[in-house]
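In this note's numbering, the protein residues as written are 2 to 120. For every residue, glycine included, the Cβ atom is placed at its ideal position computed from N, Cα and C.
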Amino acid sequence: LLGDAYFIHPTYRLLKYNVNSSRSDLRGILRFDYRGPYSYSPYYTNSSKDFGTAHVDDSLFLFNGPVGLSNGYAKQSPEAALVKRYVRLYQSFAENGYSDEFAGIEECNDLNFPNCEYL
């Protein structure tokens with residue numbers, strides 16, 4: 002519930018109020034929702050129960066995690082494919098101010114909000 006209250010709902014409100022604005026500086030919102038073999042969830046909850054994606058789990062696909070938490074991924078795994086795409090997303094955004102990873106995804110507007118497309 003705290004994740005929804007502090008992250009999801011404010012993001013939803015930001016999108017809702019800006020979906021039809023003429024702003025050109027709002028480039029997109031990322032919501033990472035992939036629970037791979039490694040997660041910070043056990044550290045936050047002291048439990049092995051699967052609570053879904055935890056805060057900063059996405060960093061495990063961009064950086065080396067703490068010893069014992071992240072042990073790398075097999076080259077042909079879904080996680081390795083995610084790492085490649087996720088790094089490409091951030092790299093192209095840093096270079097261009099947008100990411101080619103979003104090409105082909107329909108723009109979010111008042112007609113399709115809140116059911117906008119995702120990667």
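Between the C-alpha atoms of residue i and residue j, what's the straight-line distance to the nearest angstrom?
i       : j       : result
Ile-30  : Gly-53  : 20 Å
Phe-100 : Arg-32  : Strictly speaking, residue 100 in this sequence is Ser, with Phe absent from that position. Each residue's alpha carbon lies about 15 Å from the other.
Ser-40  : Asp-58  : 6 Å
Asp-111 : Asn-21  : 7 Å
Asn-19  : His-56  : 25 Å
Tyr-45  : Leu-15  : 27 Å
Asp-51  : Gly-105 : 33 Å
Arg-86  : Glu-96  : 15 Å
Does the ligand GTP have even one heavy atom less than 7 Å from the beta-carbon of residue i?
i      : result
Thr-46 : Of the ligands one can find in the structure shown there are none, so the ligand GTP has no counterpart to examine.
State the DSSP-derived secondary structure class of residue i, mapped to helix, strand or coil.
i       : result
Lys-50  : coil
Asn-97  : helix
Asp-111 : coil
Tyr-44  : helix
For residue i, which residues from the same chain have a beta carbon less than 7 Å from its beta carbon, with the 5 sequence-adjacent residues on both sides left out?
i       : result
Cys-117 : Cys-109
Ser-71  : Tyr-39, Leu-61 and Asn-65
Report, in whole angstroms, the separation of the C-beta atoms of residue i and residue j, which I expect to be a contact under 8 Å.
i       : j      : result
Pro-115 : Tyr-13 : 7 Å
So, at 8 Å on beta carbons, what are the nonlocal neighbours of residue i in its own chain, with the 5 sequence-adjacent residues on each side left out?
i      : result
Ala-75 : Ala-81
### Query
Should the region 44-64 be called in touch with the region 78-93, which here means at least 3 C-beta pairs below 8 Å?
yes
### Query
Within the chosen definition, does the region 100-113 reach the region 82-92 through at least 3 CB pairs nearer than 8 Å?
yes
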